[in-house]
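K.L.:
Please read through the structure below; I'll follow up with questions.
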Amino acid sequence: MIRLDLSSGPKWLDLGPGLRLHLLPVTTAIMVAARNDPVVEALPEGASKEEQALVMAKAVARRVVTGWEGVGDADGNPVPVTPEGIDALLDIWPVFEAFQTRCLAPHLMLDAEKNASAPSQTGTSAGAKATARPAKARARTARRG
Numbered sequence: 017m018i019r020l021d022l023s024s025g026p027k028w029l030d031l032g033p034g035l036r037l038h039l040l041p042v043t044t045a046i047m048v049a050a051r052n053d054p055v056v057e058a059l060p061e062g063a064s065k066e067e068q069a070l071v072m073a074k075a076v077a078r079r080v081v082t083g084w085e086g087v088g089d090a091d092g093n094p095v096p097v098t099p100e101g102i103d104a105l106l107d108i109w110p111v112f113e114a115f116q117t118r119c120l121a122p123h124l125m126l127d128a129e130k131n132a133s134a135p136s137q138t139g140t141s142a143g144a145k146a147t148a149r150p151a152k153a154r155a156r157t158a159r160r161g
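The working numbering applies: residue 17 is where the sequence shown begins, and numbers increase by one.
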């Protein structure tokens with residue numbers, strides 16, 4: 017079942033202890049823009065699925081992350097959100113996994129579902145030949161006792 021969340025406002029997403037991202041909703045427009053990101057388009061033809069996933073996640077994150085808590089420099093001072101900072105944050109494996117699972121996965125699962133074959137209108141066995149002989153009808157009479 018698709019659950020429509022018609023709220024269009026940004027939301028906080030907890031990614032780990034002390035780490036939260038303030039995100040715009042991941043809309044179709046965001047996904048289309050991310051797919052057309054120059055970094056995504058520059059991926060080589062033989063790029064691994066892992067590399068594609070990381071580049072796409074970064075492209076989406078650069079469009080939806082509007083704020084964060086728990087991100088600091090080497091001295092622990094809070095740093096502002098920047099495209100370079102978002103990329104560096106997603107280079108941290110647990111952060112990438114959490115972002116992928118909690119933010120992107122619901123949208124990507126729907127996208128994957130639409131790639132499945134549609135069911136046949138006449139059923140899955142429409143073109144199959146019958147291999148069993150028809151059953152013989154037996155008259156049944158009710159016994160009265």
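Every residue gets a Cβ at the ideal spot worked out from N, C-alpha and C, and that includes glycine.
#1: Given that a residue counts as buried once 16 or more other Cβ atoms are within 10 Å of its Cβ, and exposed if not, what is ARG51?
#2: Using a Cβ-Cβ cut-off of 8 Å (strictly less than) and excluding sequence neighbours within five positions of LYS74, which residues of its own chain qualify?
#3: What would DSSP say about PRO96, mapped onto helix, strand or coil?
#4: Identify, in the order they occur along the chain, each residue of the same chain with its Cβ nearer than 6 Å to the Cβ of ASP89, setting aside the five sequence neighbours on each side.
#5: Which of the three DSSP states, helix, strand or coil, is assigned to ASP103?
#6: Can you give me the C-alpha to C-alpha distance between ARG78 and PRO99, rounded to a whole angstrom?
#7: Please state whether the Cβ-Cβ distance between TRP84 and LEU37 is less than 9 Å.
#8: How is VAL42 classed by DSSP in three states: helix, strand or coil?
#9: Could you give the C-beta distance for PHE115 and LEU31, rounded to a whole number, given that I count them as a contact under 8 Å?
#10: State the beta-bridge partners of GLU85 as determined by DSSP.
#11: Taking the alpha-carbon positions, what's the ALA45 to VAL76 distance?
#12: Quick check on the burial criterion: 16 or more other C-beta atoms within 10 angstroms. Buried or exposed for VAL48?
#13: So who's on the other strand from LYS27, going by DSSP bridges?
#14: Using only the alpha-carbon positions, how far apart do LEU35 and GLU61 sit?
#15: For LEU120, which three-state DSSP category applies?
P.N.:
A quick look at the data gives this:
#1: Within the sequence shown, the letter at position 35 stands for residue 51. Counting C-beta atoms within 10 angstroms of its own C-beta, ARG51 has fewer than 16 neighbours from the protein chains shown and is therefore classed as exposed.
#2: Counting from 1 along the sequence shown, the entry for residue 74 is found at position 58. Answer for LYS74: VAL55, ILE102, ASP103, LEU106, listed in chain order.
#3: Counted from its first residue, the sequence shown places residue 96 at position 80. In the structure shown, PRO96 falls within a coil segment according to DSSP collapsed to helix, strand and coil.
#4: Taking the sequence shown and counting its residues from 1, one reaches residue 89 at position 73. When the five nearest sequence neighbours on each side are left out, the beta carbons in the same chain lying within less than 6 Å of the beta carbon of ASP89 are those of VAL95, in order along the chain.
#5: Within the sequence shown, numbered from 1, the residue matching residue 103 stands at position 87. In this structure, ASP103 counts as helix in the three-state DSSP scheme.
#6: Stepping through the sequence shown from its first residue, residue 78 is reached at position 62. Stepping through the sequence shown from its first residue, residue 99 is reached at position 83. Straight-line Cα distance between these residues: approximately 6 Å.
#7: By 1-based counting over the sequence shown, the position of residue 84 is 68. By 1-based counting over the sequence shown, the position of residue 37 is 21. Contact: yes.
#8: Translated into positions along the sequence shown, residue 42 becomes position 26. Coil.
#9: What you label residue 115 is simply residue 99 of the sequence shown in a count that begins at 1. What you label residue 31 is simply residue 15 of the sequence shown in a count that begins at 1. About 6 Å separates the beta carbon of PHE115 from that of LEU31, a gap short enough to meet the 8 Å contact definition.
#10: Numbered from 1 along the sequence shown, position 69 holds the residue referred to as residue 85. According to the DSSP secondary-structure assignment, GLU85 is paired through a beta bridge with ARG36.
#11: As a position in the sequence shown, residue 45 is number 29, starting the count at 1. As a position in the sequence shown, residue 76 is number 60, starting the count at 1. If you take the alpha carbons of ALA45 and VAL76, they lie about 10 Å apart.
#12: As a working mapping, residue 48 is identified with position 32 in the sequence shown. Flag for VAL48 reads exposed.
#13: Within the sequence shown, the letter at position 11 stands for residue 27. Bridge partners of LYS27 according to DSSP: LEU39.
#14: Within the sequence shown, the letter at position 19 stands for residue 35. Within the sequence shown, the letter at position 45 stands for residue 61. Rounded to whole angstroms, LEU35 to GLU61 spans 35 Å at the Cα level.
#15: Taking the first residue of the sequence shown as 1, we reach residue 120 at position 104. In the three-state DSSP reduction, LEU120 falls in the helix class (H, G or I).
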